[in-house]
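The listed protein sequences correspond, in order, to chains A and B. The first sequence begins at 1 in this note's numbering and counts up by one. The second sequence begins at 334 in this note's numbering and counts up by one. Where a beta carbon is used, it is the ideal one built from N, C-alpha and C, also for glycine. Below is one structure, written out as structure tokens; comments come after it.
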Amino acid sequence: MYTQGLDSLGKECLHTSASETASLEERFQAKVDADDKIEPKDWMPDAYRQTLIRQISQHAHSEIVGMLPEGNWISRAPSLRRKAVLIAKVQDEGGHGMYLYSAAETLGISRDQMLEQLLAGTAKYSSIFNYPTLTWADIGAIGWLVDGAAIMNQVPICRCSYGPYARAMVRICKEESFHQRQGFEIMLALARGTPEQKAMAQDALNRWWWPSIMMFGPSDGDSKHTAQSMRWKIKRFTNDELRQKFIDVTAPQAEFLGLRIPDPELKWNEATQHYDFGSIDWSEFQAVLKGNGPCNRERMQARRNAHEDGRWVRDAAAAYAAKQKSRAASQAA
Amino acid sequence: MSNDWPLYEVFIRSRSGLEHKHVGSLHAADTAMALEHARDVYTRRQEGVSIWVVRSTDIVASDPAEADALFEPARDKVYRHPTFYAIPEEVKNL
């Protein structure tokens, strides 16, 4: 999306004086305050650009790495229907990664750079994908909880101040809804199945619950980016607000399934009209973030292998394109 | 890792009778691959009946910083709109 045009624009910006920058910044914020959208070639503060690059590329990487835990079950899905659905879902995740990389590129970072950052381990992706998928019920729990939490996070981003990100999120949110519903359907089938199947569903809920509610990020007091991101309208709700919303809608769903959320303190609070819940073990979150989750190394290795194993395909495609081009040129001559 | 395939902008006609609309971009080695990738990335749910792909470098865009000057000539020409003209209410079909 006009990435190249941005490069030349960036060079011109170097010559603006401090007072000019201040007035540009003022106009930028006024535009954001008026709920106008910022588009790729519009002037924007460098910090806004960098924040978006970080957030969108992390989001894209999460979609790509997120294909791994679920891809693990494609060959072992219990029926042809489940297999077709899971393939479609994993393909969607790949597509979401592509929409997001393309949105990030409008900010002046190349796809190669982003890929390099992912493979070098310098870019982050959602910690949730560093947990293993041990049983088929995990595929249900991921759709229901992980995609459910993602939707809760992503719906407000459809109104993000940056146009290309907002538009990508609209497409993504439309598609995510199927992901969550197919997950719940898997959980429902297991919960209504044999005692062993129900136990399997409960075990998956036990393992995925806490990581899912940690997906909303640190508590508001510890979240260093929240205030600025809200001023820029990149973010519309705080982490804790979204987490509370997610718990409020999910707890009754667990009840419907006849499964128990692994939090003894989870209880409806008539006064606040919200669920109270137990305290989160942030040390686990930090450990996974630092690379010490159950699958961090495995996930990165899988991505690197995929990249290396696909190299000959990329090279062949590039060589073929070059040959076709030179052939067309010599025919025209 | 420096062989980034060129960037293409993708435009989709969602059904016949409607115009092609910009939906996003993608990388491909050549135009044939760009069309295939566009199908896989942007039309997994029958979102289109026709696809255009255009090399991003071939798009010439106006500069948003110059938007005021560029669009200024149309600003004071309200007489281009039908509502500019006062017609007595008794006159019909106008």
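### Message
Less than 7 Å between C-beta atoms, sequence neighbours within five positions excluded: which residues of the same chain meet that for serine 349/B?
### Response
Val382
### lysine 41/A: contacting residues in chain B (beta-carbon distance under 9 Å)
Ala394, Ser395, Asp396, Pro397 and Ala398
### Task
Answer yes or no: does any C-beta atom of chain A fall closer than 8 Å to that of arginine 346/B?
no
### Query
Are the C-beta of arginine 372/B and some C-beta of chain A separated by less than 8 Å?
no
### Message
In whole angstroms, give me the CA-to-CA distance for glutamate 380/B and glycine 95/A.
### Response
14 Å
### Message
To the nearest angstrom, how far is the alpha carbon of tryptophan 312/A from that of methionine 214/A?
### Response
39 Å
### Query
Taking the alpha-carbon positions, what's the aspartate 263/A to tryptophan 282/A distance?
15 Å
### Query
Taking the alpha-carbon positions, what's the valine 411/B to serine 161/A distance?
31 Å
### Task
Could you check what DSSP says for phenylalanine 216/A in three-state terms: helix, strand or coil?
coil
### Query
Since tryptophan 136/A is in the alpha helix (DSSP H), which residue starts that stretch and which ends it?
136-141
### Message
Need the endpoints of the alpha helix (DSSP H) that valine 374/B sits in, please.
### Response
364-375
### alpha helix (DSSP H) segment containing isoleucine 384/B, residue limits
Premise fails: isoleucine 384/B lies in the beta strand (DSSP E), 383-388, not in any alpha helix (DSSP H).
### Query
CA-CA distance, isoleucine 85/A and phenylalanine 178/A?
This sequence places valine at residue 85/A; isoleucine is not what is there. Straight-line Cα distance between these residues: approximately 10 Å.
### Query
Does the region 140-155 of chain A come within contact of the region 163-175 of chain A, defined as at least 3 CB pairs closer than 8 Å?
yes
### Task
Using a Cβ cut-off of 8 Å (strictly closer), state whether histidine 353/B contacts chain A.
no
### Task
Could you list which residues in chain B have their beta carbon closer than 8 Å to that of tyrosine 320/A, in chain order?
Ala362 and Asp363
### Query
Taking the runs of the alpha helix (DSSP H) that are 4 residues or longer, which of them lie wholly in the region 184-246 of chain A?
195-214 and 226-231
### Query
Is the distance from the Cβ of tryptophan 144/A to the Cβ of glycine 183/A below 8 Å?
yes
### Message
So that I know if they touch, is there some Cβ in chain A lying closer than 8 Å to that of leucine 427/B?
### Response
no
### Query
Which residue from Pro78/A, Val146/A, Ala149/A and Phe28/A puts its Cα closest to that of arginine 49/A?
Phe28/A
### Message
Is aspartate 92/A close to chain B? Criterion is C-beta to C-beta, closer than 8 Å.
### Response
yes
### Task
Would you identify the three-state DSSP class for phenylalanine 417/B, choosing helix, strand or coil?
helix
### Message
Any beta carbon from chain A within less than 8 Å of serine 349/B's own beta carbon?
### Response
no
### Query
Around the Cβ of glutamate 176/A, are there at least 16 other Cβ atoms within 10 angstroms (buried) or fewer (exposed)?
buried
### Message
For phenylalanine 129/A and serine 62/A, what's the separation of their Cα atoms in angstroms?
### Response
8 Å
#### Entry: alanine 365/B beta carbon less than 8 Å from that of tyrosine 341/B
no
### Task
Note down the Cα distance separating isoleucine 53/A from glutamine 228/A, rounded to an integer number of angstroms.
15 Å
### Query
How many angstroms separate the CA atom of glutamine 180/A from the CA atom of cysteine 173/A?
11 Å
### Rounded straight-line distance, which links the Cα of alanine 204/A to that of valine 146/A
12 Å
### Query
Got a sec: is the Cβ-Cβ distance from arginine 408/B to anything in chain A below 8 Å?
no
### Message
Would lysine 89/A and glutamate 70/A qualify as a contact pair, given that the criterion is a beta-carbon distance under 8 Å?
### Response
yes
### Query
Comparing alpha-carbon positions, which option in Glu105/A, Asp33/A, Ala120/A and Ser75/A lies nearest glutamine 301/A?
Ala120/A
### Query
Between which two residues does the alpha helix (DSSP H) containing asparagine 269/A stretch?
It is not in any alpha helix (DSSP H) - asparagine 269/A instead sits in the beta strand (DSSP E) that spans 267-269.
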